[in-house]
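Each step along the sequence shown adds one to the number in my numbering, with nothing skipped, and position 49 is 58.
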Amino acid sequence: MVIAVVASCTETGASNDLEPPGVDPRGQSVDPLTVGNRLMVSGEYELALTAFTRAALDQGMTTQILTSMGTANLGLRRLGQAEELLRRAVADDPDWPVAWNNLGVLLMEKGEYPEASQMFRRAFALDNGESDAILDNLRLALAKMENPVNTTPEKQEYTLEQQGDGQFKLRKLP
10 MVIAVVASCT ETGASNDLEP PGVDPRGQSV DPLTVGNRLM VSGEYELALT
60 AFTRAALDQG MTTQILTSMG TANLGLRRLG QAEELLRRAV ADDPDWPVAW
110 NNLGVLLMEK GEYPEASQMF RRAFALDNGE SDAILDNLRL ALAKMENPVN
160 TTPEKQEYTL EQQGDGQFKL RKLP
């Protein structure tokens, strides 16, 4: 009987009692960048920013992480922080259209339509014209430049809509 009690206290028996149900300690964790992107889609920008920060600890401040963090800050309406991160992203990798597009989205939010249109043009060219989201953003920026009467920030509300691969499109709220 003593042997049965001792056998139940071995490492295998004890560790199963200490782990939360449904957790496999040998399982692989989900990439924090993936988690952050999923949180962005659901509008949880603060949690996404935390996930992107975790990803930066693992992978360093890559262009994708800079862009993701900048876009999360944009979703939180922290425009100064977002702009700094997005400008760093385009400086680090000037050939990645997603970073240019998201910088253009930020500039649209700030009402800087001429510069935003330049960012969208660059993104569109780098993407070889394959992204409808970038083209839509460019059209919106050009329309705002041509008709500045309707550019009052209080009347124009937009939301970010993820198009894939960390790229976002501005969508006008009803």
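For every residue, glycine included, the Cβ atom is placed at its ideal position computed from N, Cα and C. The structure presented is a predicted model; accordingly, all values stated were derived computationally and were not measured.
At a Cβ-Cβ threshold of 8 Å, residue 65 and residue 79 do not count as neighbours. Setting aside the 5 residues that flank it on each side, residue 126 is surrounded in the same chain by 147, 150, 151 and 154, each with a C-beta closer than 7 Å to its C-beta; the list follows chain order.
Bounds of any alpha helix (DSSP H) do not take in residue 119, whose DSSP letter is neither H nor E.
For residue 99, the uninterrupted alpha helix (DSSP H) run begins and ends at 88-101, by DSSP.
Taken through DSSP and simplified to helix, strand or coil, residue 51 comes out as coil. Put simply, the backbone Cα of residue 44 is about 13 Å away from that of residue 37.
For the options 69, 67, 42 and 83, the alpha carbon positioned closest to that of residue 54 is the one of 83. Residue 92 and residue 103 have their C-alpha atoms spaced approximately 15 Å apart. Taking C-beta atoms under 8 Å as the contact rule, residue 107 and residue 76 qualify, at a distance of about 6 Å. Around the CB of residue 41, 16 or more other CB atoms lie within 10 Å, so the residue is classed as buried. DSSP places residue 67 within a helical segment (H, G or I) once states are collapsed to three.
With contacts defined as CB atoms closer than 8 Å, residue 118 and residue 88 qualify as a contacting pair.
A straight-line Cα-Cα distance of about 36 Å links residue 85 and residue 35. 100 is the residue among 100, 137 and 116 whose C-alpha sits nearest the C-alpha of residue 71. In the same chain as residue 94, and ignoring 5 residues on each side of it, the C-beta atoms closer than 6 Å to its own belong to 75, 78 and 79, in chain order.
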